[in-house]
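S.K.: Each protein sequence line maps, in turn, to chains A and B.
The first sequence begins at 1 in this note's numbering and counts up by one.
The second sequence begins at 121 in this note's numbering and counts up by one.
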Amino acid sequence: MSELYLHVMFGLGGGLGAVFRHWIALRINHDLPLSTLIVNVLGSLLLGLWIGYLGGPVDMGEEEKRLVFGFCGGFTTFSSFAYQTLELRRERTIALAAGNILLSLALCWLALWMGLVVMR
Amino acid sequence: MTQTRPAVRTLVLMFTAVFVGGAVGSVLREVFAAQIPGAPILTATFGINIVACFILGWLYSIRHRVHAHVVHLGAVGFCGGLSTFSSFVAELERLASSHLWVAVSAAGLETTLGLGAAILGEVVGRRRNGPKASE
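1. For residue 130 of chain B, is the classification buried or exposed, using 16 other Cβ atoms within 10 angstroms of its Cβ as the cut-off for buried?
2. Measure the C-alpha to C-alpha separation of residue 76 of chain A and residue 247 of chain B and round it to an integer number of angstroms.
3. Determine whether the beta carbon atoms of residue 173 of chain B and residue 79 of chain A lie at a separation below 8 Å.
4. Cα separation between residue 160 of chain B and residue 226 of chain B?
5. Using a cut-off of 7 Å between C-beta atoms, extract the partners of residue 145 of chain B located in chain A.
6. From the DSSP output, in three-state form, read off residue 164 of chain B for me.
7. What do you get for residue 155 of chain B, buried or exposed, if any count of 16 or more other CB atoms within 10 angstroms of its CB means buried?
8. Near residue 101 of chain B, what residues of its chain come up, given a Cβ to Cβ distance below 7 Å and the 5 sequence neighbours on each side ignored?
9. Kindly indicate which residue of A:74, A:8, A:45, A:43 has the alpha-carbon position closest to the one of residue 62 of chain A.
10. Once DSSP output is grouped into helix, strand and coil, what is the label at residue 41 of chain A?
11. Less than 8 Å between the CB atoms is what I'm expecting for residue 213 of chain B and residue 165 of chain B, so what's the real figure, rounded?
12. Ends of the alpha helix (DSSP H) at residue 197 of chain B?
13. So what's residue 182 of chain B in DSSP terms, helix, strand or just coil?
14. Using a Cβ cut-off of 8 Å, pull out every chain B residue sitting near residue 40 of chain A, in sequence order please.
15. For residue 116 of chain A, tell me which candidate among A:60, A:89, A:56, A:14 has the shortest Cα-Cα distance.
16. In its own chain, which residues sit with a C-beta less than 6 Å from the C-beta of residue 119 of chain A, not counting the 5 before and 5 after it?
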């Protein structure tokens, strides 16, 4: 299997992840950046499940691995999280901005950890 | 039927732009991440997330001057695909497995620098737009 093909699979996963993320962002129209928080938590959970699953005795092609890893990365976003935190600081309060950071980190970390534990 | 056409066309173009941007951003991240080993006190996603924050800040500062699909392609797709939160927390988990305080300080440092990079991107975007905006 060529390396180029695997990059294409990763890119396909990333593109699909980005499309899903944007679709969720359009569906969840909220003043607060809830959609970014939700996609980041879901993506972290999926990554935890996937890493945990691959840690077990599985016979999985490299292309499926790349597809899901690509999806998790394209689905979740750090840049929008950072920018929306800045906007919270500017347009709302510093407490909301700090809350967004703490909540994102804590919930995503917890989601990843839960995914790992479930698959252990 | 004819009334829904422009909306459908816009939606297709928008999601195509997001898909292409996300795919290109993801592949770039994969290629670069392969060359960056995880540092003992930083996550492997550190540099790439910071660069994505910078680009996003810059794009948002010029967003009224470019077509909406450019924002979809660059900001939503490319920056979102380039940056990642899931691998970031997976890296924090890796750091925490040796020392929790290393992971916590990496999380604080990288979030702070991400915000700083987005502000810097905005400053660069505004400065380059400055003379034209005042015309």
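Beta carbons: idealized from backbone N, C-alpha and C, even for Gly.
M.R.: Looking at the coordinates:
1. exposed
2. 30 Å
3. yes
4. 10 Å
5. 14
6. coil
7. exposed
8. This structure gives no information on residue 101 of chain B, because the portion of chain B shown stretches from 121 to 255.
9. A:8
10. helix
11. That pair is no contact at about 12 Å.
12. Run containing residue 197 of chain B: none; DSSP gives neither H nor E here.
13. coil
14. 205, 206
15. A:56
16. 49, 52, 53
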